[in-house]
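Enquirer:
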Amino acid sequence: MESKIEIIEKILKEKNIKCTNQRKAIIEVFVNQDAHFKPEEVYDLVKGKKIGLATVYRTIEILKIHGIIEETTIEKDRYYELKLFSEKRLHIHFKCSRCNQIYDYDKTEMILDLIQLRNFAEQEYNVRVEDIKMIMNGVCHKCRG
3 MESKIEIIEK ILKEKNIKCT NQRKAIIEVF VNQDAHFKPE EVYDLVKGKK
53 IGLATVYRTI EILKIHGIIE ETTIEKDRYY ELKLFSEKRL HIHFKCSRCN
103 QIYDYDKTEM ILDLIQLRNF AEQEYNVRVE DIKMIMNGVC HKCRG
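Take the sequence shown: its position 42, counted from the start at 1, is 44 in the numbering used here, and no numbers get skipped.
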């Protein structure tokens, strides 16, 4: 059975994109950690491997274009998370205003409400909703004590 990294390498190869050691190191960050990353955070994790910030930005853009990672903008900051293997296709982001940690919420009841909202918008306004991004801000359980 192919690993997630091998599958991503295969996808890139099919698109005639070389999977260099630098790109592989960046891909490993997303595959090995279930988190949201700013490009600078990815850079901090891979810079010991002699990877430049420009390479991180270019690789993130390639991964985003090909549906491997997803971009979410929260308060002018762009965050990226692995999308390709995600089982939480529709989820809500919560950003703590104290520690800046981002949490994913995907409880069935919340997702059903989002689906109901999507269905209403499609019927009421005769549109096709392709994506929903919901971001909640507040103080997380750790910071509340």
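Where is the CB? At the ideal position from N, CA and C, for every residue including glycine. Since the structure is predicted, the reported quantities are computational estimates derived from the model, not experimental observations.
Rounding to the nearest angstrom, what Cα-Cα distance links residue 159 and residue 57 in this structure?
Expert: Since the first and last residues shown for the chain are 3 and 147, residue 159 lies out of range.
Enquirer: Can you pull the DSSP bridge partners for residue 160?
Expert: Summary: the structure shown does not reach residue 160, with the chain confined to residues 3 through 147, and so no result is reported for it.
Enquirer: Tell me, which residues are paired with residue 95 by DSSP?
Expert: Locating residue 95 in the sequence shown gives position 93, counting from the first residue. Answer by DSSP bridge pairing, in chain order: 106 and 137.
Enquirer: Using 9 angstroms as the threshold, is the C-beta distance between residue 84 and residue 70 below it?
Expert: On the sequence shown, position 82 is the one that residue 84 refers to. On the sequence shown, position 68 is the one that residue 70 refers to. Their beta carbons are under 9 angstroms apart, which means residue 84 touches residue 70 by this criterion.
Enquirer: Who are the Cβ neighbours of residue 113 in its own chain at under 7 angstroms, not counting the five residues just before and after it?
Expert: Translated into positions along the sequence shown, residue 113 becomes position 111. By the criterion of a C-beta distance shorter than 7 angstroms, residue 113 is surrounded in its chain by 92, once the five residues flanking it on both sides are discounted.
Enquirer: In this structure, does DSSP put residue 12 in helix, strand or coil?
Expert: For the purposes of this step, residue 12 is identified with residue 10 of the sequence shown, where counting begins at 1. DSSP places residue 12 in helix when its eight states are reduced to three.
Enquirer: Take residue 59 and list the residues in its own chain whose beta-carbon comes closer than 7 angstroms to its own, dropping the five residues that flank it on each side.
Expert: Counting from one through the sequence shown, the residue named residue 59 turns up at place 57. The answer, listed in chain order, is 41.
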